[in-house]
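The opening residue of the sequence shown carries number 70 in the working numbering; numbering runs sequentially from there. All residues carry an ideal CB built from backbone N, CA and C; glycine is no exception. Input: a single structure, listed below in structure tokens.
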Amino acid sequence: MERIAVAGPSITEKEVAYVADAAARCWGSNANEYHDRFERAFADYVGVNHAVAVPSCTAAIHLALAALGVGPGDEVIVPDITWIATAAPIRYLGAQPVFADIDPETWCLSPSAFERAISRRTKAVVPVDLYGGMPDFSALREIAESHQIAVVEDAAEALGSAVHHARAGSFGDVGVFSFHGSKTMTTGEGGMLVTRNPDIFRRVLFLRDHGRVPGEKMFWNDEVAYKYRMSTVQAALGLAQIERIAELVARKRQIFAWYAEEFADVPGVTLNVEPKGCENSYWMVTAVLDSAYGLKKEQVMAALALRQIDSRPFFYPLSSLPAFATTPGAARAQLENVVSYRISPWGINLPCGMQMTQTKVRRVADTIKEILAVRSSACKAA
Ligand SMILES: *Cc1c(COP(=O)(O)O)cnc(C)c1O
């Protein structure tokens, strides 16, 4: 039986042609040709003025927070449920992450939990568009504005999602994206920082190129900063992918629709939501099982793996990770973030790479139903 991967890109002749062209021709004075086209196309798609291609989304978050002036003594609020890349750059800058609870429906940062987590030291908040779903940005922004807190939207998982036709990545002072191989579009590794703010844009260009002003005196650095540039061949790959973004997002939505159909009449299986007015690009199809099944995510993943199906665990709360064991407030977050701790043990990400077909979706769904049925008959017997 063929093993079903959890993620995977769609690469066509177009990508291969652009990459080959970049490798053959784009050096010296042509070196930025694909960056310029990729950044322009990307900014237009998201609906913002400026886009800066960088080596990863982690780098984009680092740059965004640095440009906003986050430093030692500051606190930055993040949802407890996310990939560590959302929070790690806060520590790179000597500031402290504060882990706030998620909303039970969207699985994204809860506005009321965000408000409770604010202190005198809070400098920024990094809401995450989890698995393609969107938090309540109108509430988050209102709270952030009233406390003069900067908003960095971690849209790594949500390229193509929208709320009332405004695209993911356009809701904060800065938005960031990932082009890791598992994401909706890929450059192998890579990321993008977007903003409408010309001052942040200028500061980002300065900080990402060893603290020098683009185009000014050569080898003249005003500050010690970072080196965060994307390579030309990656930018070529990225341009080909963003030119196909409508097709890629449509594919994600199709894969989700197949799963939704398969699970429509299965009780106790909750999939990603798409609230009214939102468009979810469904980066990761995610199933949260009712705790009554008594099946922890690790058990389900192991059972699927035996049947040649890869899956991933719903993120563990950051406050539960050894990496943050000594972070002030992590122990309290473990007690207070009840929604994060209630949902996380029972959630798995299902295979939803670009190579998924309806037949494969059916095989995954049938296997899960089998696992659940085995479990519920075992429960009855006991
Ligand atoms: C993938 C991801 C990132 C990090 O992306 P990289 O490009 O691997 O640095 C950040 N935040 C979230 C929510 C992600 O899913």
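What did DSSP end up calling His131 once you bin it into helix, strand or coil?
-> helix
Collapsed DSSP secondary structure at Val139 in the structure displayed = coil
Going by other Cβ atoms of all chains shown within 10 Å of its Cβ, with 16 needed for buried, is Met353 buried or exposed?
-> buried
Cys177: beta carbon under 7 Å from a heavy atom of ligand 1?
-> no
What do you get for Gly363, buried or exposed, if any count of 16 or more other CB atoms within 10 angstroms of its CB means buried?
-> exposed
Classification of Ala451 by the beta-carbon crowding that lies within 10 angstroms, buried from 16 upward | Annotation note: pLDDT 48 at Ala451 (below 50); position unreliable, coordinate value reported separately. Answer is exposed; the Cβ neighbour count stays below 16.
Kindly indicate if chain B contains any beta-carbon less than 8 Å away from that of Met353.
-> Among the chains in the structure shown there is no chain B, since it carries only a single protein chain.
Starting from Ile412, follow the alpha helix (DSSP H) in both directions and report where the run begins and ends.
-> Val407 to Ile412
Looking only at DSSP bridge pairs, what is Phe168 linked to?
-> Val147
Below 8 Å on the Cβ atoms is my guess for Val237 versus Asp291; work out the distance and round it to an integer in Å.
-> With the sequence shown as reference, residue 237 is identified as Ala, and Val is not the correct amino acid for it. Between Asp291 and Ala237 the Cβ distance is about 34 Å, and since that is not below 8 Å, they are no contact.
Does the distance from the CB of Gly244 to the CB of Ala224 come in under 8 Å?
-> For Gly244 and Ala224, yes; Cβs fall inside 8 Å.
Confirm the yes/no value for this check: CB of Ser413, any heavy atom of ligand 1, distance under 7 Å.
-> No - ligand 1 has no heavy atom lying nearer than 7 Å to the Cβ of Ser413.
Reducing DSSP to helix, strand and coil, say where Ser360 ends up.
-> Reduced to three states, the DSSP call for Ser360 is helix.
Boundaries of the alpha helix (DSSP H) in which Met423 is found, first to last residue = Met423 -> no alpha helix (DSSP H), and no H or E assigned at all.
Candidates Arg271, Cys95, Asp143 and Met299, of which the one nearest Arg160 by Cα = Asp143
Helix, strand or coil for Asp105, going by three-state DSSP, please let me know.
-> In the structure shown, Asp105 sits in a helix (DSSP, three-state: H, G or I).
Can you grab the Cα-Cα spacing for the pair Ile440 / Arg401, in whole Å?
-> 35 Å
Report the residue from Ala122, Gly138, Arg322 and Ile146 whose alpha carbon sits nearest the alpha carbon of Asp278.
-> Ala122
For Ala182, the first and last residue of its enclosing alpha helix (DSSP H) = Pro180 to Ala186
Any heavy atom of ligand 1 within a distance shorter than 7 Å of the CB on Thr127?
-> yes
For Leu317, the first and last residue of its enclosing alpha helix (DSSP H) = Where Leu317 is concerned, the enclosing alpha helix (DSSP H) stretches over Ile314 to Phe332.
Excluding sequence positions up to five away, which residues of its chain have a Cβ less than 7 Å from the Cβ of Gly337?
-> Leu358, Asp359, Ala361 and Tyr362
The region 325-343 / the region 363-375 touching (three or more Cβ pairs under 8 Å) = no
Ala100 vs Thr301 beta-carbon contact at 8 Å | Yes. Within cutoff.
Nearest residue (CA-CA) to Leu209, options Arg265, Tyr295 and Pro148 = Pro148
Beta-bridge partners of Glu348, as assigned by DSSP | Ala231
Does the region 162-182 come within contact of the region 417-430, defined as at least 3 CB pairs closer than 8 Å?
-> No: fewer than three Cβ pairs fall under 8 Å.
Alpha carbon to alpha carbon, how far is Leu162 from Arg322?
-> 37 Å
Can you give the Cα-Cα distance for Arg272 and Lys252, rounded to whole angstroms?
-> Computed Cα separation, rounded: 27 Å.
Less than 8 Å separating the beta-carbons of Ser239 and Val115?
-> yes
Cβ pair count under 8 Å reaching 3, the region 391-401 against the region 85-95 = No, because fewer than three Cβ pairs between the region 391-401 and the region 85-95 fall closer than 8 Å, the two stretches do not touch.
Check: Ser230 C-beta below 7 Å from any heavy atom of ligand 1 | no
According to the neighbour-count rule (16 or more other Cβ atoms, all chains shown, within 10 Å of its Cβ), is Gln303 buried or exposed?
-> Its Cβ being crowded by 16 or more others within 10 Å, Gln303 is buried.
Give the DSSP-derived three-state secondary structure of Thr339 in the structure shown.
-> Of the three classes helix, strand and coil, the one that applies to Thr339 here is strand, per DSSP.
Check whether the Cβ of Ala74 lies closer than 7 Å to any heavy atom of ligand 1, and answer yes or no.
-> no
CA-to-CA distance, Ile130 to Glu316, given in whole angstroms | Rounded to the nearest angstrom, the two C-alpha atoms are 27 Å apart.
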